[in-house]
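In my numbering, the protein residues as written are 231 to 442. Quick reminder that beta carbons are idealized off the backbone N, C-alpha and C, glycines included.
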Amino acid sequence: MKSPSMNFLNKTLLASVVAAGTLLLTPAYAQETGGESNIDPAAEQHQADTLDQLLDMVRSKTLQDRSELQQREAEFAQARDEQAKLLAQAKARRDAAEARSKTLEQTFDSNKLTIKEKEEQLNNKLGALKELFGIFQQTAGDLQGIFHNSPVSAQYPGRNDFLEAFAKKMSRASQISTIDEIEQLWFELQREMTEGGKIATFEAPVLTAEGR
């Protein structure tokens with residue numbers, strides 16, 4: 231014995247099918263009774279003539295709708311996966327850039343510390359040499375003043391160029407003078423004393439009172 235609920239469902243289903251069938255069968259009925267119909271003849275070919283045809287059409291339409299829905303879902307899933315892939319790539323590039331930046335920062339800090347340690351080691355090794363550099367710098371500075379006003383400079387021009395460069399180098403206190411530079415400094419000092427006590431004849435450009 232069927233339950234009341236089953237009877238209700240069967241009646242509801244039957245009523246729905248009959249109603250749909252009535253709508254689909256109306257053009258055919260109108261044609262048989264000679265009534266006028268506004269339905270396109272091409273569309274009438276898709277109308278159902280029996281309940282079985284109606285059921286087949288409903289089933290076909292359902293399958294078509296389901297296929298279209300599945301296609302849209304697949305396209306949406308593909309677009310979602312593509313966006314997720316692009317997002318993952320962007321995050322990977324960001325993480326790589328952050329990691330590289332962190333590595334460079336650590337390298338910079340390490341190099342900075344190494345430079346500071348090397349400077350301290352250099353200062354410790356220089357020790358008393360700094361005082362010697364100071365003496366060289368002072369001597370070169372004093373000689374520049376002497377050479378500027380010395381008649382010997384007319385005979386030997388360009389001596390102050392060496393003294394100026396040597397004094398700047400010694401002022402940094404981070405570069406060691408070479409043996410050649412020390413000998414050159416001693417030589418210029420000795421030449422000034424030697425040539426300053428001589429009477430020499432030489433050719434050199436001379437400016438007149440008019441500045442010519």
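In the structure shown, what three-state DSSP assignment does residue i receive?
i	result
Asn379	coil
Phe432	coil
Thr280	coil
Glu418	helix
Glu440	coil
Gly426	helix
Pro271	With a pLDDT of 47 at Pro271, under the threshold of 50, the modelled position of that residue is not reliable, and the figure given next carries that caveat. Helix.
What do you get for residue i, buried or exposed, if any count of 16 or more other CB atoms within 10 angstroms of its CB means buried?
i	result
Gln308	exposed
Ala370	buried
Phe338	exposed
Gln367	buried
Glu418	buried
Leu373	buried
Lys321	exposed
Among the options, whose alpha-carbon lies nearest the alpha-carbon of residue i?
i	options	result
Ala430	Val382, Gln283, Trp416	Val382
Leu415	Arg402, Thr424, Lys428, Leu393	Leu393
Gly375	Arg389, Gly364, Gly357	Arg389
Ile384	Thr344, Ile412, Glu433, Thr408	The sequence shown places Ala at residue 384, rather than the Ile named in the question. Ranking the options by Cα distance to Ala384, first place goes to Glu433.
Ser401	Tyr386, Phe417, Glu361	Glu361
Lys426	Asn379, Asp391, Thr408, Ile412	Before going on, a small fix: residue 426 reads as Gly here, not Lys. Comparing Cα-Cα distances from Gly426 to each of Asn379, Asp391, Thr408, Ile412, the minimum goes to Asn379.
Asp410	Arg421, Met423, Glu422, Phe396	Phe396
Met423	Val436, Phe377, Leu437, Ser407	Phe377
- [ ] Give, in chain order, every unbroken run of the alpha helix (DSSP H) that is at least 4 residues long and sits entirely within the stretch 323–411.
- [x] 359–378, 382–385, 389–402
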